[in-house]
Structure formats: C-alpha cells, structure tokens
Amino acid sequence: MGRRMRLVAASSLGLGFGFGVALVPAVAQQEKAPQGEMEVTGPVTNLSGTCPSLQFTIATQQVTTDANTEFDDGTCDAIVNGLAVEVEGMVGSDGVLAAEEVDLKVD
5 MGRRMRLVAA
15 SSLGLGFGFG
25 VALVPAVAQQ
35 EKAPQGEMEV
45 TGPVTNLSGT
55 CPSLQFTIAT
65 QQVTTDANTE
75 FDDGTCDAIV
85 NGLAVEVEGM
95 VGSDGVLAAE
105 EVDLKVD
C-alpha cells in the first residue's frame, strides 16, 4: 500500500500594499506524488472545470473532484480560487489527488 502524506499551505492576504501573499512551507520537489492516501490543506489555485468535475492545485499538488466527492461546509459550486480547503483522497499513479472529501474552510 502507498504512504500517507500531509501537505499544508498557509495563506495570508492583504499584507503590504494590498497584494495577497501566499506563504508555503518548503516542500521537497518530486516528479510525482507518492501513491496512496493524502491530505492537503491550503488555498485553491488554478481552478478549472465545472461541478462536479473540478481540477485545481493546492501548493504543488494537483487535485480533481468528481460526482463521488463529498463537500463539507459548502458545495462544489462554492469552490473558487483563493478559498482555503482541506482535501482528503487517493493519489493515483499520475500523481493527481482524486478528492474523496473536500472541507471548505469558510469564516
């Protein structure tokens, strides 16, 4: 079975002269994420697709959703660039995280 991995990216907006700044901890780069269970937390970037089939990135991890993905504290339609989310799922041989659950971190 694959390894379990957790990747966290923090976001801080409104610093300096009104520019948003994303603070991402140092992460060892790899060509593909290890296969297996994974949990990532951070702001959504590079959002594309239409519900329920979305594609986005958290830090360096590509994520996809589908009709089987559960959304907590919101719906698929609420996903936008910059929204903080926590995603749990399985990383396939292509290195993409197939989201089983997406928890929207709304204030």
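Each number in my numbering comes from the position in the sequence shown (counting from 1) with 4 added on.
All residues carry an ideal CB built from backbone N, CA and C; glycine is no exception.
Only a predicted model underlies this, so the values are computations on that prediction, with no experimental measurement involved.
Local conformation of residue i per DSSP, three classes
i: residue 102; result: strand
i: residue 76; result: strand
i: residue 81; result: helix
Cβ neighbours of residue i in the same chain (closer than 8 Å, five flanking residues each side left out)
i: residue 52; result: 58, 59, 60
Own chain, CB closer than 6 Å to residue i, minus 5 neighbours either side, in chain order
i: residue 86; result: 47
i: residue 91; result: 44, 67, 103, 106
Supposed close pair residue i, residue j - CB separation, criterion 8 Å
i: residue 78; j: residue 110; result: 6 Å
i: residue 39; j: residue 96; result: 7 Å
Cut-off 7 Å between Cβ atoms - residues of its own chain near residue i, not counting five sequence neighbours on either side
i: residue 33; result: Low confidence applies to residue 33: its pLDDT is 40, below 50, so where it sits in the model is not reliable enough to give any reading.
i: residue 50; result: 60, 61
Cross-strand partners of residue i (DSSP beta bridge)
i: residue 49; result: 61
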